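Chain order of the listed sequences is A and B.
Residue numbers for the first sequence follow this note's numbering, so the first one is 1 and each next one is one higher.
Residue numbers for the second sequence follow this note's numbering, so the first one is 1 and each next one is one higher.
Number of protein chains: 2
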Amino acid sequence: MQMEPSRSSHTLTTSYTVQQVMEHLFHADQHTIRERQSTGTTVDGLETGVADTIVTGIATAFSASQRVIQQAAAQGANVLVVHEGIFYSHHDQRERLHDDPVYQAKCTLIEQIGMHIIRLHDAIHLERPDGIMEGLLGQLGWRQQVVEEMAVWSIVELEQPLQLQQLAQWLKQQLAASYMRLSGESEQICQRIAVLVGYRGGATHGLPLLGRDDVDVLIAGEGPEWELPEYVRDAIEQGRSKGLIMLGHAESEQPGMQWLATRLAAQYEGLPVTYIPNEPVFRVI
Amino acid sequence: MQMEPSRSSHTLTTSYTVQQVMEHLFHADQHTIRERQSTGTTVDGLETGVADTIVTGIATAFSASQRVIQQAAAQGANVLVVHEGIFYSHHDQRERLHDDPVYQAKCTLIEQIGMHIIRLHDAIHLERPDGIMEGLLGQLGWRQQVVEEMAVWSIVELEQPLQLQQLAQWLKQQLAASYMRLSGESEQICQRIAVLVGYRGGATHGLPLLGRDDVDVLIAGEGPEWELPEYVRDAIEQGRSKGLIMLGHAESEQPGMQWLATRLAAQYEGLPVTYIPNEPVFRVI
Chain A
1 MQMEPSRSSH TLTTSYTVQQ VMEHLFHADQ HTIRERQSTG TTVDGLETGV ADTIVTGIAT
61 AFSASQRVIQ QAAAQGANVL VVHEGIFYSH HDQRERLHDD PVYQAKCTLI EQIGMHIIRL
121 HDAIHLERPD GIMEGLLGQL GWRQQVVEEM AVWSIVELEQ PLQLQQLAQW LKQQLAASYM
181 RLSGESEQIC QRIAVLVGYR GGATHGLPLL GRDDVDVLIA GEGPEWELPE YVRDAIEQGR
241 SKGLIMLGHA ESEQPGMQWL ATRLAAQYEG LPVTYIPNEP VFRVI
Chain B
1 MQMEPSRSSH TLTTSYTVQQ VMEHLFHADQ HTIRERQSTG TTVDGLETGV ADTIVTGIAT
61 AFSASQRVIQ QAAAQGANVL VVHEGIFYSH HDQRERLHDD PVYQAKCTLI EQIGMHIIRL
121 HDAIHLERPD GIMEGLLGQL GWRQQVVEEM AVWSIVELEQ PLQLQQLAQW LKQQLAASYM
181 RLSGESEQIC QRIAVLVGYR GGATHGLPLL GRDDVDVLIA GEGPEWELPE YVRDAIEQGR
241 SKGLIMLGHA ESEQPGMQWL ATRLAAQYEG LPVTYIPNEP VFRVI
């Protein structure tokens, strides 16, 4: 029986290393990300595993919880691309956790499973438009309603205005959130919405947006409780219509990681690519 | 009719300036606070008004919302002592708000009313024990249950253990919170509780506490959603019993400002001193 060189060659060209996937993921602003990696000013990079390993499958998720790591492995993935730090802080502090039993058990699991975990935080936010923002806007069906798009925020204008309480209810449903926190008057009309993802719901980004006459409501992942909600409270006391909805950090960013899976599946044909949702971190009483 | 020198002298000795009240408030670590004020590394100080004004009455509150300022004035106070920044951020950024209509209206109100607002954040946290922590522990009836007391956290051992859900329900009631966020298994037994106030519910302080075998649950004001809740999630996945309850930032710190009013009333006999509660900043759906 003769060899089939074309098929063999095809197999070779469709095999990728972890390093190649990283280069693709960091393509948005590769020069900047590489510079930042060399100076330690980005959190992006390979958190666990070896860069020249051949990729068997890719999973994406908001966070590399132990359950997500196990699910990724069960689905045949040996690469997991996540947005947040795997050891419970934005900047890696694993040297502080050496004696921690949860940390130790998680490290053992990752090593036994052989999971390559890539942190993709800065590079996806540096895409233009921001890949995490695009995921959220897509999930909400708002991409066509964007009237202003800046590096860290977008303004959306609804075709049909909603009352604040209705908007929050709708967002809770669309994002499958276990709860939603809001501030403002329930009946307030919301047409122009400032949208921010993740931990951008603080004074620095939020105050200039809430101060605009044409912004009715601001939605964000999370932010300090003593900043924007205090502004909204004073605004209402003065008779102004301003609303604020905190979606939850993961709820605001995981649509971007879901959308990333769609993009990677198109990029790596033949390679299994899946998105794994995280369960909500909190419940409310 | 003769003068009454003794009464006149008494009146003089019971009149205080704003400056004198500040010196008393910053007594805990006055040297340090003064050094930090001179180098701009404390947020404490006189936010509005003139230091040599005679005090007519003192109000305390968690935050100087417009409604709190008005209530303080209605009660005859011209001094308001608050924990958080009056212009919606921890570090004063009012130069960024010059054109903001809410900021402008609030400034006008404060000037018209003539309210002297003192920020008391660092100094009360620097008291030993931390005055804000003491207020929370007192509100919960836990001062006698403290088994460890450190600069930024305390460990409380309950006489009667509670299940996590019960504990959260009880805390919600005791602190008159509109909601409470929790992570962990509802039936988990909680006896040893790590207590942190304000924005200390993050990795830096929280991970070493949650990693201890003898800590069942951690309660804090607020903290990043991707830090401690992710740790608790992994711990539970590994079969460990760990719980986390976020009380709300104001809910965790305003008992300390309420207790401060009691202390100031004892210090300044004859001067009206009141505590003004803030309404919750968020509601949940």
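Virtual Cβ for every residue (Gly too), placed ideally from N, Cα, C.
In this text, all values refer to a predicted model and were calculated from it rather than measured experimentally.
Residue range 217–220 is occupied by the beta strand (DSSP E) that includes Val217 (chain B).
Counting the other Cβ atoms within 10 Å of the Cβ of Gln144 (chain B) gives fewer than 16, which makes it exposed.
Contact annotation for Gly248 (chain B) against chain A: Glu225 [CB-CB distance below 9 Å, chain order]. When the five nearest sequence neighbours on each side are left out, the beta carbons in the same chain lying within less than 7 Å of the beta carbon of Ser65 (chain A) are those of Asn278, in order along the chain.
The three-state reading of DSSP puts Gln75 (chain B) in coil, since its state is none of H, G, I, E or B. For Pro229 (chain B), a Cβ of chain A is located within less than 9 Å of the residue's own Cβ. Setting aside the 5 residues that flank it on each side, Ile33 (chain A) is surrounded in the same chain by Phe26, Thr42, Asp44, Asp122, Ala123, each with a C-beta closer than 7 Å to its C-beta; the list follows chain order. In the DSSP annotation of this structure, Gly57 (chain B) is not part of any beta strand (DSSP E), being labelled neither H nor E. Taking a Cβ-Cβ cut-off of 8 Å, the neighbours of Ile285 (chain A) in chain B comprise Gln165, Ala168, Gln169, Lys172, Tyr179, Met180, Leu182, given in sequence order.
Contact between Leu244 (chain A) and Leu218 (chain A) holds, with the beta-carbon distance rounding to 5 Å and staying under 8 Å. Between Phe62 (chain A) and Met246 (chain A), the C-beta spacing is not below 9 Å. Residue-level contact check: His27 (chain B) does not touch chain A, since none of the beta carbons of chain A fall below 9 Å from its beta carbon. At least one CB of chain B lies nearer than 9 Å to the CB of Pro101 (chain A). Within chain A, not a single residue places a beta-carbon under 9 Å from that of Glu185 (chain B); the smallest gap is close to 11 Å.
What Val281 (chain A) touches in chain B, judged by beta-carbon distance under 7 Å, is Ser183, Glu225, Pro229, Glu230, Arg233, going in chain order. Between Ala72 (chain B) and Thr274 (chain B), the gap from beta carbon to beta carbon is short of 9 Å.
The beta carbon of Gln254 (chain B) sits no closer than 9 Å to any beta carbon of chain A. Separation of Ile118 (chain A) and Gly57 (chain A) (C-alpha to C-alpha, rounded to the nearest whole angstrom) is 13 Å. Judged by their CB atoms, Val81 (chain A) and Thr53 (chain A) are not nearer to each other than the 9 Å cut-off. Just so you know, the alpha carbons of Leu164 (chain A) and Cys190 (chain A) end up roughly 6 Å apart. Leu209 (chain B) does not reach chain A, its nearest Cβ partner there being about 11 Å away, counting only Cβ pairs nearer than 7 Å.
In the three-state DSSP reduction, Ile276 (chain B) falls in the coil class, being neither helix nor strand. For Ala203 (chain A), at least one C-beta of chain B is nearer than 9 Å to its own C-beta. Val156 (chain B) and Val195 (chain B) do touch by the CB rule: their CB atoms are close to 6 Å apart, below 8 Å. Its chain contains Thr60, Val273, Thr274, Tyr275 as the residues whose beta carbon lies nearer than 7 Å to that of Ala261 (chain A), once the 5 sequence neighbours on both sides are disregarded; these appear in chain order. Trp170 (chain B) counts as exposed, since fewer than 16 other C-beta atoms from the protein chains shown sit within 10 angstroms of its C-beta. By the Cβ neighbour-count rule, Ala74 (chain B) is exposed, with fewer than 16 other Cβ atoms within 10 Å of its own. The distance from the Cβ of Leu137 (chain B) to that of Gln174 (chain B) is about 11 Å, inconsistent with a contact at the 8 Å cut-off.
Along the segment 55–76 of chain A, going in chain order, the ones with a CB nearer than 7 Å to a CB of chain B are Ser63, Ser65, Gln66, Arg67.
By the neighbour-count definition (other C-beta atoms within 10 Å, threshold 16), Ala220 (chain B) is a buried residue. Per DSSP, reduced to three states, the secondary structure at Val281 (chain B) is coil, with no helix or strand assignment. Between the alpha carbons of Arg128 (chain A) and Ala151 (chain A) lies a gap of roughly 7 Å. Bounds of the beta strand (DSSP E) holding Gly45 (chain B) are 45–48. Within the segment 109–137 of chain A, no residue has a Cβ lying closer than 8 Å to any Cβ of chain B.
Interface with chain A (9 Å Cβ-Cβ cutoff): Gly243 (chain B) is excluded.
Within 10 angstroms of the beta-carbon of Ala266 (chain A) lie fewer than 16 other beta-carbons, which makes it exposed.
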